[in-house]
Structures are given as structure tokens and as C-alpha cells.
Amino acid sequence: MLKENDELIIRCPQLGGEVPFRYCRTINEDLPCRRIIICWEFRIEISKYLSENYSIDQIQRALAPPTKSRLETILELAEKAKKIKEEEG
Ligand code: SF4
224 MLKENDELII
234 RCPQLGGEVP
244 FRYCRTINED
254 LPCRRIIICW
264 EFRIEISKYL
274 SENYSIDQIQ
284 RALAPPTKSR
294 LETILELAEK
304 AKKIKEEEG
């Protein structure tokens with residue numbers, strides 16, 4: 224059941240405060256937080272929960288590191304080039 228753990232509370236290392244499981248499972252565009260396995264593995268059967276409630280595709284999307292878009296990569300490179308130029312100049 225998707226909502227079975229919603230009321231459980233954990234201390235979130237990112238926020239520095241307490242959050243309910245409901246928050247952890249929806250924070251990532253309605254998908255689980257990237258850290259959900261690390262945070263919850265000692266509290267509930269998190270792997271089982273994920274496999275029962277989400278498709279492989281959803282789990283991969285939720286847990287995979289964010290891939291940079293082309294634009295972000297280009298902007299980052301431009302920024303780097305600018306810095307190098309400033310240092311040289
Ligand atoms: S799973 Fe994410 S939102 Fe939930 S406690 Fe861990 S870091 Fe915080």
C-alpha cells in the first residue's frame with residue numbers, strides 16, 4: 224500500500240528537522256526522495272515497499288542522480304571559460 228508508512232516520522236538530514244514518510248515519498252516531483260533507501264532502510268522494508276508501489280522506471284527516475292540537460296552543461300562550460308579568462312586577464 225502506497226500510504227502505509229505515511230505517518231512515520233524521521234529526522235531529515237537535508238532539512239535538519241523531522242518529516243513524515245509521506246514527505247519523503249513525494250518530494251521528488253511526486254516520486255520518492257533520492258535518499259529514501261539510505262534514510263529508511265533501518266525503519267521499514269524500504270526496498271520491498273518501493274518495488275511494490277513503483278515501477279522500475281519510476282524508481283530509476285527517482286533514485287538516479289540528476290542528469291544535466293544540454294543547456295545546463297553548456298552554461299557550465301561557458302561559466303568556466305569566463306572564469307579562466309578573468310584569471311588570465
Ligand atoms: S528520504 Fe529525503 S526527505 Fe526523507 S528524510 Fe531522507 S533526505 Fe529527508
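Position one of the sequence shown corresponds to residue 224 (the working numbering), numbered consecutively onward.
Every residue, glycine too, gets a C-beta built ideally from N, C-alpha and C.
Please read all numbers here as calculations on a predicted model, not as lab measurements.
Report yes if the C-beta distance between Ile269 and Ile259 is below 8 Å; otherwise report no.
yes
Express the C-alpha separation of Pro255 and Ala287 in angstroms, rounding to a whole number.
11 Å
Can you have a look at Arg293 and say buried or exposed, based on whether 16 or more other CB atoms are within 10 angstroms of its CB?
exposed
Using only CA atoms, which one of Ile297, Phe244, Lys308 and Ile261 lies nearest to Asn228?
Cα-wise, what sits closest to Asn228 is Phe244.
Using DSSP's beta-bridge definition, name the partner residues of Arg234.
Glu241
So, at 6 Å on beta carbons, what are the nonlocal neighbours of Glu241 in its own chain, with the 5 sequence-adjacent residues on each side left out?
Ile232 and Arg234
Leaving out five residues on either side along the sequence, give the residues of the same chain with a beta carbon under 8 Å from the beta carbon of Ala285.
Asn251, Leu254, Pro255, Cys256, Arg257, Ile259 and Tyr277
Roughly how many angstroms separate the alpha carbons of Ser274 and Arg248, rounded to a whole number?
13 Å
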